[in-house]
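When the letters of the sequence shown are read in order and numbered with the numbering used here, they come out as residues 811 to 1159. All C-beta atoms, glycine included, are put in the ideal place defined by N, C-alpha and C.
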Amino acid sequence: MPRNILILGASYGSLLATKLLMAGHNVTLVCRRKTADLINREGTEVRLTLRGEADSRAIRSRDLPGTVDAAAPEQVDVSRYDLAVLAMQEPQYTNHTIRVLMIKIATARLPCLSLMNMPPLPYLKRIPTLAEMDLEAAYTNAGVWDRFEPGLVSLCSPDPQAFRPPDEGANVLQVGLPTNFKAAPFADEAHTRILRELEADIDAVRLDGQDVPVKLKVFDSLFVPLAKWSMLLTGNYRCITPDKMQSIRDAVHTDLARSRAIYEHVDAVARRLGADPRDQVPFEKYAKAAESLLKPSSAARAVANGAPFIERVDLLVKLIAHQLGTPHAEIDQTVQTVDRKLDERIVVS
């Protein structure tokens, strides 16, 4: 049976949406009215490269078995859906119309799979060591999450790299690094079964007889998505420098020994919380992948473009490390640099 999935965020969210549409499920993308009108008129297009091919394929929603529509937040009837996916950047949830929709989702007790780098606070409360920590300062507005029941919120690591090509419509997405989404379970096995059903359906999809990259992988551990923290702290946030931004490759490879020290420290923090080393990605594998990441991170680009707020996983990890009694000078320096650059944006605006 096709599932009805609500995805908040039509940019990065359109990647998972396309995979679901290819598997025959139905998706509603929540976005600005102008973008919704474009998607409802023309559909979506995701470009990705299949294994062994040199050029990207354009996968258009109108050619797929599932159906997609788009809606502004105030138009959404949450009772229609089996699952909500949170695919916006964390600061975007402070928007009034999004907050109203979030209240409706929480009240309806709709299971929510977060596709953010920044884990929602209710998800962190499912980890005993974090449940009593003071972490609200890392969030743009922690009150957004007050109504959510922790067991109904899970986390999916947004490992695939994708971006909107310049001079293209808001309904077009280019996949740069076609890795997998890695999801943790819900507290209720019935909700986790939905994820496993979607996982199997996506895995079975073929395009001209070929496997299609970017899978949904569902794990038994709450800690698998936290493996992304080491990558973010070693690469993404270090793209933000006191001067100009740099690529993820340069952030990682300019001083590989320093990068390894940061990466391994964040891994150790995750293990203190309960992560198994098997949940984590070896530094060598990450460093190899970073060689092809020739652009600055989305966080760095947002700061350079004047954004007053970005997702602050760097600050979250710092707060956790300090409350565990395991601070790290390089992480503290990264947080300080990001703070200063954001302060500059606020002063200029």
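Residue range of the unbroken alpha helix (DSSP H) whose run includes residue i
i            : result
residue 847  : 843-852
residue 1093 : 1093-1100
residue 1011 : 999-1013
residue 1071 : 1066-1083
residue 1040 : 1037-1041
residue 1062 : 1058-1063
N- and C-terminal bounds of the beta strand (DSSP E) containing residue i
i            : result
residue 969  : Where residue 969 is concerned, there is no enclosing beta strand (DSSP E), given that its DSSP letter is neither H nor E.
residue 1024 : Note, residue 1024: premise wrong, no beta strand (DSSP E); not H, not E.
residue 992  : 991-993
Outcome for residue i when other beta-carbon atoms lying within 10 angstroms are tallied against a minimum of 16
i            : result
residue 971  : buried
residue 927  : buried
residue 1098 : exposed
residue 811  : exposed
residue 836  : buried
residue 1040 : buried
residue 769  : There is simply no residue 769 to check, as the chain begins at 811 and stops at 1159 in what is shown.
residue 1188 : The question about residue 1188 has no answer, for the chain in this structure spans 811 to 1159.
residue 799  : With the chain represented from 811 up to 1159, any question about residue 799 goes unanswered, as that position is not in the structure.
residue 831  : buried
residue 823  : buried
residue 992  : buried
residue 1154 : exposed
residue 1017 : exposed
residue 906  : exposed
residue 801  : What the structure shows of the chain is the stretch from 811 to 1159, and residue 801 is not part of that stretch, so it cannot be assessed.
residue 918  : exposed
residue 1171 : This structure leaves residue 1171 out entirely; the chain is present only between 811 and 1159.
residue 984  : buried
residue 838  : buried
residue 875  : exposed
residue 1042 : buried
residue 1067 : exposed
residue 1077 : buried
residue 1149 : exposed
residue 1104 : exposed
residue 1035 : buried
residue 1090 : buried
residue 1144 : buried
residue 1107 : buried
residue 952  : exposed
residue 1137 : exposed
residue 1102 : exposed
residue 1158 : Note that residue 1158 scores 45 on pLDDT, short of 50, meaning its location in the model is unreliable; the coordinates nonetheless yield the value given after this. Classification of residue 1158: exposed, given that the 10 Å Cβ count is below 16.
residue 1131 : buried
Whole-number beta carbon distance between residue j and residue i, since they are thought to touch under 8 Å
i            : j            : result
residue 818  : residue 856  : Actually they do not touch by this definition, with Cβ atoms about 18 Å apart.
residue 828  : residue 854  : 7 Å
residue 1028 : residue 995  : 7 Å
residue 846  : residue 881  : 6 Å
residue 1038 : residue 969  : 7 Å
residue 911  : residue 886  : 6 Å
residue 1033 : residue 1086 : 7 Å
residue 840  : residue 904  : Contact doesn't hold; Cβ gap of about 15 Å is too wide.
residue 948  : residue 1129 : 6 Å
residue 988  : residue 1024 : 5 Å
residue 883  : residue 908  : 5 Å
residue 814  : residue 890  : 6 Å
residue 1140 : residue 1071 : 7 Å
residue 1055 : residue 1117 : Between residue 1117 and residue 1055 the Cβ distance is about 12 Å, and since that is not below 8 Å, they are no contact.
Discussion item. Taking contact to mean 3 or more Cβ pairs, one atom from each stretch, closer than 8 Å, check whether the region 959-979 and the region 914-933 are in contact.
Written reply: yes
Discussion item. Restricting to runs no shorter than 4 residues, where is the alpha helix (DSSP H) found entirely within the region 819-902?
Written reply: DSSP runs (the alpha helix (DSSP H)) wholly in the region 819-902: 823-832, 843-852.
Fill in: 4 or more residues per run - each alpha helix (DSSP H) lying fully within the region 908-989
931-934, 938-941
Worksheet item: Taking the runs of the alpha helix (DSSP H) that are 4 residues or longer, which of them lie wholly in the region 1111-1143?
Response: 1123-1133
Fill in: the region 1042-1054 / the region 1121-1141 touching (three or more Cβ pairs under 8 Å)
yes
Discussion item. Counting beta carbon pairs with one atom in the region 907-926 and one in the region 970-989, are three or more of them shorter than 8 Å?
Written reply: Judged by Cβ distances under 8 Å, the region 970-989 makes no contact with the region 907-926, as fewer than three pairs qualify.
Practice prompt. State whether the region 1049-1068 contacts the region 997-1013, with contact taken as three or more CB pairs (one from each stretch) at a distance under 8 Å.
Written response: No: the two stretches stay apart, fewer than three of their Cβ pairs being nearer than 8 Å.
Worksheet item: Between the region 1000-1007 and the region 1055-1071, do three or more beta carbon pairs fall short of 8 Å?
Response: no
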